[in-house]
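Participant: Got a structure here, written out as C-alpha cells. Questions coming.
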Amino acid sequence: MTTNEAVVGNSDIYVAVELRGCTTTANEIDPLHCDDAAADVDSHQQQRQQPNTVEYSHLRNSIYRFLRLSTLSIIITTIFIDSIHRFRSYEKGQAIDSFQGVFEDPNHPQGYRIIVDTNDTTAQLQLQDEPDGESFFIPILVLRDIASKTTQLSIDFSAKGGPSDLIATVQDRGNIISFSDGNEWSKLEGVPGVYYGQTKNGSVINGYITIRLEEEGTVIIVTYGNTDEDGQMGTINIPATISGDTIVFDFSPLGAASGEEGIFRDGFIYLDHYTLVKA
3 MTTNEAVVGN
13 SDIYVAVELR
23 GCTTTANEID
33 PLHCDDAAAD
43 VDSHQQQRQQ
53 PNTVEYSHLR
63 NSIYRFLRLS
73 TLSIIITTIF
83 IDSIHRFRSY
93 EKGQAIDSFQ
103 GVFEDPNHPQ
113 GYRIIVDTND
123 TTAQLQLQDE
133 PDGESFFIPI
143 LVLRDIASKT
153 TQLSIDFSAK
163 GGPSDLIATV
173 QDRGNIISFS
183 DGNEWSKLEG
193 VPGVYYGQTK
203 NGSVINGYIT
213 IRLEEEGTVI
223 IVTYGNTDED
233 GQMGTINIPA
243 TISGDTIVFD
253 FSPLGAASGE
263 EGIFRDGFIY
273 LDHYTLVKA
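Counted the way this note's numbering counts, the sequence shown spans residues 3 to 281.
Written out as C-alpha cells, the structure is:
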C-alpha cells in the first residue's frame with residue numbers, strides 16, 4: 003500500500019517560535035527560558051501565537067494516529083503474507099515451486115497420492131493404491147538446497163514395507179515428482195488439489211482442504227485436514243457434489259453451513275464468505 007511507503011524522519015514535531023529573543027517550542031511556552039525582553043510580550047502577540055499551538059498540537063496528534071495505524075497495518079499485512087507464503091507463492095493461483103497437490107502414479111493408475119506441507123522441513127503423503135485398498139499416511143522429510151534451488155523429498159515408505167528414506171526429486175516447478183527408478187508422479191490440473199482457505203478480510207483459515215475426483219470427474223472426494231500440536235494429521239470427510247466448475251460443499255461436519263456453493267476458476271474456488279486457494 004502506497005501510504006506505508008512514506009518515510010517519516012522523526013515522529014515528533016519541533017516548531018520554533020520567536021518571542022522577542024525567546025526561542026521555545028510551540029507546544030510549551032516557558033518564559034523562564036527567555037531573556038528580559040521576552041517579559042514585555044504583549045497579550046495581543048500571545049493570543050496570535052495561541053491558535054498555532056492548538057493547530058500544531060492537532061497536527062502532531064493526527065500524525066501520531068496515522069503512524070500507529072500505519073504500523074498496525076504493516077504488522078497485520080506482514081503476518082498474513084508470512085502465513086500464506088509458507089504454503090504457496092501465487093501465479094494465477096498456482097504455486098511457483100509447490101510440491102503440494104494430488105498426483106497420479108502410472109504404477110497405480112486407479113489410486114492416488116496427495117502431498118501436503120506440514121511445516122518448512124516436513125510434509126505428509128496420503129496414498130491409496132486401489133479404490134478399495136488401504137490408505138496410508140506417509141511422513142516426508144523436505145530437503146531444500148537454496149544454492150542449487152532444488153527440492154528433494156525423503157519419503158518413509160516403511161509403513162508399506164518399503165524403504166524408510168526413498169529420495170524423490172521435485173521437478174517442473176512442483177508438477178512432477180521423479181524417482182531414481184524412472185517412475186514419475188504427475189500433479190493433476192484443474193479442480194483436484196490441496197487448498198487453503200482465506201476469508202474476505204484476509205485471514206487464513208486453519209487446516210487445508212484436499213479435493214480429488216473419481217469416475218471420470220463425476221464424483222468428488224473432499225477432505226478437511228489439520229495438524230495437531232504433536233504433528234499428527236487428522237482428516238474429516240466433507241460431502242460434496244460437482245457439476246462443471248460448480249461445487250456444492252456440506253461443511254456441517256465442521257460445524258459450518260451445508261449447501262455452500264463455490265465456483266472454480268484459475269486455481270481458486272470462490273464461496274460466499276471466503277476463497278479456497280489451490281497450492
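A virtual CB, placed ideally from N, CA and C, is assigned to each residue, including glycine.
Please read these numbers as outputs of a predicted model, since none were measured by experiment.
1. Tell me the rounded alpha-carbon separation between H275 and I211.
2. From the DSSP output, in three-state form, read off S160 for me.
3. Give the range of the beta strand (DSSP E) segment to which Q112 is assigned.
4. Rounded to whole angstroms, what's the CA-CA distance from D2 to Y114? Just pull it up for me.
5. For T153, tell me which candidate among Q173, S160, K202, G227 has the shortest Cα-Cα distance.
6. Could you tell me which of S150, L168, F270, K151 sits nearest to D158, measuring between CA atoms?
7. Hey, quick one: how far does the beta strand (DSSP E) through L143 stretch, first residue to last?
8. Can you look up I81 in the DSSP assignment and give me helix, strand or coil?
9. Would you report the Cα separation of L145 and W187, rounded to the nearest angstrom?
10. Cutting at 8 Å between CB atoms, please list the residues of its own chain near I240, excluding the five before and the five after it.
11. Going by the DSSP bridge assignment, what does F253 pair with across the sheet?
12. Let me confirm a value: N177 is counted as buried when at least 16 other C-beta atoms fall within 10 Å, else exposed. Which label applies?
Facilitator: Well, looking at it:
1. 16 Å
2. helix
3. 110-119
4. The chain is shown from 3 up to 281; residue 2 falls before or after that span and cannot be answered.
5. Q173
6. L168
7. 137-147
8. Because the pLDDT at I81 is just 34, under 50, the model does not fix this residue reliably, and the value given afterwards should be weighed accordingly. Three-state DSSP puts I81 in a helix.
9. 18 Å
10. I211, V224, T225, Y226, F251, D252, F253, P255, L256
11. According to DSSP, which records beta bridges pairwise, F253 is partnered with nothing at all.
12. buried
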